[in-house]
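Chemist: There's a structure below that I have some questions on.
Number of protein chains: 2
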Amino acid sequence: MSKSAIAASGHTYRTQNISKRVQQIVISPIKEMSILADDFAEKSGANIISFGQGIPYVDTPKHIKKACVEAFKQIDTAKYTLEPGITELRQLIAKFLQKNKKIANVIAKKEVMVSAGCQEALCCALATVVDAGDEVLIPEPSFASYTEQILQLGATPVQAPLNEKAGWKIDIQACEKKITKKTKAIIFCNPMNPTGAVLSKKEIDDLAALAVKHNLIVITDETYDFLTYDNVKHISPASIKALKGRVILCGSFSKKYAMTGYRVGYAYADSGIIDHMLKVHDAMMICAPAISQKAAIAALKGSQDCVKKLVTILTKNRNLMCAELDSLSEYLSYYKPKGAYYILVKVKVPSEADGRARVVDSFKLTLRILYEAHVIVIPGAAFGPSGEGHIRLSFAGDPKKIKEGFKRLRSWFNKWKKEGFTL
Amino acid sequence: MSKSAIAASGHTYRTQNISKRVQQIVISPIKEMSILADDFAEKSGANIISFGQGIPYVDTPKHIKKACVEAFKQIDTAKYTLEPGITELRQLIAKFLQKNKKIANVIAKKEVMVSAGCQEALCCALATVVDAGDEVLIPEPSFASYTEQILQLGATPVQAPLNEKAGWKIDIQACEKKITKKTKAIIFCNPMNPTGAVLSKKEIDDLAALAVKHNLIVITDETYDFLTYDNVKHISPASIKALKGRVILCGSFSKKYAMTGYRVGYAYADSGIIDHMLKVHDAMMICAPAISQKAAIAALKGSQDCVKKLVTILTKNRNLMCAELDSLSEYLSYYKPKGAYYILVKVKVPSEADGRARVVDSFKLTLRILYEAHVIVIPGAAFGPSGEGHIRLSFAGDPKKIKEGFKRLRSWFNKWKKEGFTL
Chain C
7 MSKSAIAASG HTYRTQNISK RVQQIVISPI KEMSILADDF AEKSGANIIS FGQGIPYVDT
67 PKHIKKACVE AFKQIDTAKY TLEPGITELR QLIAKFLQKN KKIANVIAKK EVMVSAGCQE
127 ALCCALATVV DAGDEVLIPE PSFASYTEQI LQLGATPVQA PLNEKAGWKI DIQACEKKIT
187 KKTKAIIFCN PMNPTGAVLS KKEIDDLAAL AVKHNLIVIT DETYDFLTYD NVKHISPASI
247 KALKGRVILC GSFSKKYAMT GYRVGYAYAD SGIIDHMLKV HDAMMICAPA ISQKAAIAAL
307 KGSQDCVKKL VTILTKNRNL MCAELDSLSE YLSYYKPKGA YYILVKVKVP SEADGRARVV
367 DSFKLTLRIL YEAHVIVIPG AAFGPSGEGH IRLSFAGDPK KIKEGFKRLR SWFNKWKKEG
427 FTL
Chain G
7 MSKSAIAASG HTYRTQNISK RVQQIVISPI KEMSILADDF AEKSGANIIS FGQGIPYVDT
67 PKHIKKACVE AFKQIDTAKY TLEPGITELR QLIAKFLQKN KKIANVIAKK EVMVSAGCQE
127 ALCCALATVV DAGDEVLIPE PSFASYTEQI LQLGATPVQA PLNEKAGWKI DIQACEKKIT
187 KKTKAIIFCN PMNPTGAVLS KKEIDDLAAL AVKHNLIVIT DETYDFLTYD NVKHISPASI
247 KALKGRVILC GSFSKKYAMT GYRVGYAYAD SGIIDHMLKV HDAMMICAPA ISQKAAIAAL
307 KGSQDCVKKL VTILTKNRNL MCAELDSLSE YLSYYKPKGA YYILVKVKVP SEADGRARVV
367 DSFKLTLRIL YEAHVIVIPG AAFGPSGEGH IRLSFAGDPK KIKEGFKRLR SWFNKWKKEG
427 FTL
């Protein structure tokens, strides 16, 4: 099993003068599939539909773009902001955390830093708590980049499988079994990517107890905090008193306000942790983009109707994609997501040899789907061993394209069936 | 000697659950001084003049800002770009490198990546060639963040002093003496920050020979490539044939187009190196900000008159600041910069004890200057051991403020003299 779609497609890598650590890591297949698709489209002229990278198909709300246009009249937009972020933005984030996430007494200037996207905040968080040789626990399937961020630090990602049969729930015993003296932190996304599960109060309490018992830092990626379905509530571990001083919350504006291209996010933690994260942030980025910080200010200050509207759109999209998947139940099964905008779909086809169910090579499968059906889907193996045999589909796209994409998938799977499901 | 202005000002850091590696590093005092100044201004109401962070006082050229305003009409500005950057921007950078830096046959899609500022490109470069335990050679005084970026990787920065008496020239013997089997790369800024020196053809040829002899990668930070004085020419090591496959060039739009707040830069290297750098870039950033990439496209496509104008302005500023420094020659001496917009100024005051010349504690000095004269200058020790006893002054600011700042410095140094130069 390859970890890289680009390597699986035949590319080889230079080794001379390259660090061993970086030789180990890969570009997340989420982005590799976009890169491969772009090259393929350029060569073949194919019109490709993406269920790949998680990008809302709507534009950034008008009032946020308007604030950006206004911001270009201010000369400070041209310049570095203070390294930890614009003070007003830190204050607005602190208010948001108190009001929306029920975190008590957030001190904007000590406990909040603005980052160039949630991705950078996660890097700063991991670097701050993990030394080379340490271990970080990851319930999996999980967002692919955590593993690469940890390997990049010379540390070891240790994966504990989620309970798929229970609908991708945290298996706290499986987690505890993997803890050693070297384990420094646990990292997860909630609502979860790629499974679409949302952690219950009980799951969070269990994780909190585990963290306290084993002196772990809890790194929580709350990119999809606004996006839950069927009246399920998002709960942040940072609101749990037992975790005081032990949580790093990484947040985002990217999905909530359709601002993935802006590269602005934030982290909240104990001031003693933020102190150190700012050092990593400085060495890596100097500061988050000024214009994007101003967009984030407008996002937090303005009406939240745009968020409600986005949730309504994405709820419809979820239902649409689930209906499409149901019509392909001969080949595919899934748990209906309770949050985020991904579905981790199990490919259940009979083995070529003996006709029994088998675990499909998700890298080979997704490359064939890209080149033959002209649809981007993400190999489940990119998210951890439990993801193998699955593909991740994002339903953040245009509903028309969801329909068209499934037309293509339907005829591809039917064709594949005729071929006897060989890869 | 402290490495941190914030620590020198009395702040203590949490150690529990914090990685040893991050405990070692500091926020660059370049930004620490801005943070301390901001806190001080908030408390005291003081109006502070900054000769600190290198930020051109002019606004981004109008045609670039106009392109940004137009870009907000395009929905793709809201979204992640391809992870290596917008293809058009990579092509424009490739053209620029061929034309302006005389690098032969640059392949845009294989040898160029777009980064979130030159700082991030440098991080990706170092991560790609350096493992924990490796060594990286730094001619010093040098830009402060290289050291932190290297420590952050668990590697060791090894500093080799520049020859101050020769006007901060590379001392190739001093460099070679420091090379061991563990040395993987050499990193420097050209034109140099903080010294304002510009590498001659001979210095670059000597460095190239050294790199080839010892199998080193040359990481060159060319942030100030456009900014030289007195008809001195900037030469990129990437144009030297002997270094083919052995150079990582990190470039910037920040200073050239007054875009420090945009966070967009690039790297050029052998495709085998870029392949790996993109993996680090993905784990850290996903992609550079879309709007800033579009600004960079406008910058490269548009008229370069704005750059000429900026160089004219900064040349005048240099001459103004040198004249001001000359009038303080009782306390201060310096080499006139040939490039960039910094002057590394030696503070030459008699010892409290015996009246002989002494090396002044630059952290203590800069904090006193901030709190008493309300002027930000950067402690020379932040740039390496040879920087101790010096302060770095940026002349990128408004000439009116340069005059006012020197008025304050003059009276402060006169007062300090009366105090017997005690710190």
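For the record, the sequence lines run as chains C and G. Each residue of the first sequence is one higher than the one before, starting from 7 at the first, in my numbering. Each residue of the second sequence is one higher than the one before, starting from 7 at the first, in my numbering. C-beta: ideal position from N, C-alpha, C; glycine also. These figures come from a predicted structure and were not determined experimentally.
Identify which residue in L95(C), K262(C), I41(C) has its Cα closest to the Cα of L373(C).
Modeler: Looking at the Cα atoms, I41(C) is the closest of the given residues.
Chemist: Does any residue of chain G bring its CB to less than 7 Å from the CB of C124(C)?
Modeler: No - not a single Cβ of chain G is within 7 Å of the one on C124(C).
Chemist: Relative to the alpha-carbon of G386(C), which residue among H17(C), R27(C), Y19(C), M39(C) has its alpha-carbon at the smallest distance?
Modeler: When only C-alpha atoms are compared, the closest one is M39(C).
Chemist: Between the Cα of K85(C) and the Cα atoms of F46(G), V270(G), I193(G), which residue gives the shortest distance?
Modeler: That would be V270(G), whose Cα lies nearest to the Cα of K85(C).
Chemist: So T93(C) is in the alpha helix (DSSP H); what residue range does that whole segment cover?
Modeler: Segment 93-106, the alpha helix (DSSP H) holding T93(C).
Chemist: Does S15(G) come out as helix, strand or coil in the three-state DSSP assignment?
Modeler: Looking at S15(G) - three-state DSSP - the assignment turns out to be coil, as it is neither helix nor strand.
Chemist: Would V32(C) and K49(C) be called neighbours here (beta carbons separated by less than 7 Å)?
Modeler: No, the Cβ-Cβ distance between V32(C) and K49(C) is not below 7 Å.
Chemist: Near V74(G), which residues of its chain fall below 7 Å by C-beta distance, leaving aside the five closest residues on each side in sequence?
Modeler: In the sequence on display, residue 74(G) carries Cys and not Val. Closer than 7 Å at Cβ, skipping near neighbours: I297, K300, A301.
Chemist: Alpha carbons only, please: which of Q97(C), K175(C), V28(C) is nearest the one belonging to G278(G)?
Modeler: Out of Q97(C), K175(C), V28(C), V28(C) has the C-alpha closest to the C-alpha of G278(G).
Chemist: Are V351(C) and H380(C) closer than 7 Å when you measure CB to CB?
Modeler: Taking 7 Å as the Cβ cut-off, V351(C) and H380(C) do not qualify as a contacting pair.
Chemist: Could you check what DSSP says for M327(G) in three-state terms: helix, strand or coil?
Modeler: Three-state result, M327(G): helix.
Chemist: Relative to the C-alpha of K79(C), which candidate in I70(G), T83(G), K79(G) has its C-alpha closest?
Modeler: Among I70(G), T83(G), K79(G), the Cα nearest to that of K79(C) belongs to I70(G).
Chemist: Need the endpoints of the beta strand (DSSP E) that S258(G) sits in, please.
Modeler: 253-258 is the extent of the beta strand (DSSP E) around S258(G).
Chemist: Whose Cβ in chain G lies nearer than 7 Å to the Cβ of P295(C)?
Modeler: Those are G267, Y268, R269, P295, S298, listed as they occur along chain G.
Chemist: Okay, do the stretch 286-295 of chain G and the stretch 148-165 of chain C touch, 3+ Cβ pairs below 8 Å being the bar?
Modeler: Touching, yes.
Chemist: Which value, in whole angstroms, describes the spacing of the CA atoms of L316(C) and A244(C)?
Modeler: Straight-line Cα distance between these residues: approximately 25 Å.
Chemist: Within 7 Å of any Cβ in chain C, is that where the Cβ of G278(G) sits?
Modeler: So yes, G278(G) belongs to the interface.
Chemist: I'd like to know whether the C-beta of E117(G) is nearer than 7 Å to at least one C-beta of chain C.
Modeler: No, its Cβ sits nowhere closer than 7 Å to a Cβ of chain C.
Chemist: Within the stretch 323-388 of chain G, note down every full alpha helix (DSSP H) run reaching 4 residues or more, in order along the chain.
Modeler: List check, alpha helix (DSSP H) in window: 368-374.
Chemist: Using a Cβ cut-off of 7 Å, pull out every chain C residue sitting near R416(G), in sequence order please.
Modeler: Within 7 Å Cβ-Cβ: nothing; R416(G) doesn't reach chain C, min ~27 Å.
Chemist: Indicate whether at least one CB of chain C lies closer than 7 Å to the CB of L284(G).
Modeler: Chain C, which has a Cβ nearer than 7 Å to the Cβ of L284(G), makes this yes.
Chemist: Let me make sure I understand the geometry here. Which of E146(C), I92(C), I113(C) has the alpha-carbon closest to that of V120(C)?
Modeler: Out of E146(C), I92(C), I113(C), I92(C) has the C-alpha closest to the C-alpha of V120(C).
Chemist: Should E89(C) go down as buried or exposed, given a rule of 16 or more other Cβ atoms within 10 Å for buried?
Modeler: E89(C) comes out buried.
Chemist: Taking the DSSP output, what are the residues bridged to S400(C)?
Modeler: Y348(C), per the DSSP bridge assignment.
Chemist: On the three-state DSSP scale, how would you describe Y274(G)?
Modeler: Residue state, collapsed to three classes: strand.
Chemist: Does any residue of chain C have a CB that is nearer than 7 Å to the CB of M7(G)?
Modeler: Bear in mind that the predicted position of M7(G) carries a pLDDT of just 44, short of 50, making it too unreliable to give a figure here.
Chemist: Near P356(G), which residues of its chain fall below 6 Å by C-beta distance, leaving aside the five closest residues on each side in sequence?
Modeler: No residues qualify anywhere along the chain.
Chemist: Residues of chain C with CB under 7 Å from I137(G), in chain order?
Modeler: It should be pointed out that residue 137(G) corresponds to Asp in this sequence rather than to Ile. Within 7 Å Cβ-Cβ: S25, K26, R27.
Chemist: Check whether the stretch 340-349 of chain C and the stretch 184-203 of chain C touch, using three or more Cβ-Cβ pairs below 8 Å as the test.
Modeler: As far as the Cβ criterion goes, the stretch 340-349 of chain C touches the stretch 184-203 of chain C, which means the pair count is three or higher.
Chemist: Kindly identify the DSSP beta-bridge partner or partners of V120(C).
Modeler: Its beta-bridge partners are Y272(C).
Chemist: With DSSP as the reference, label V32(C) as helix, strand or coil.
Modeler: Coil.
Chemist: Against chain C, does F369(G) count as a neighbour if the rule is that its beta carbon must be under 7 Å from one of theirs?
Modeler: Chain C, which has no Cβ nearer than 7 Å to the Cβ of F369(G), makes this no.
Chemist: Do you know offhand how far N17(G)'s Cα is from D276(C)'s?
Modeler: For the record, residue 17(G) in the displayed sequence is His; it is not Asn. Computed Cα separation, rounded: 15 Å.
Chemist: Which residues of the stretch 40-70 of chain G have a Cβ closer than 7 Å to any Cβ of chain C? Give them in chain order.
Modeler: So the list reads S40, I41, D44, Q59, I61, D65, T66, given in the order they occur along the chain.
Chemist: So is Q2(G) in contact with chain C if we call contact Cβ pairs under 7 Å?
Modeler: Outside the shown range of chain G (7 to 429) lies residue 2(G), about which nothing can therefore be said.
Chemist: Taking DSSP as the reference, what is the three-state secondary structure of V313(C)?
Modeler: DSSP places V313(C) in helix when its eight states are reduced to three.
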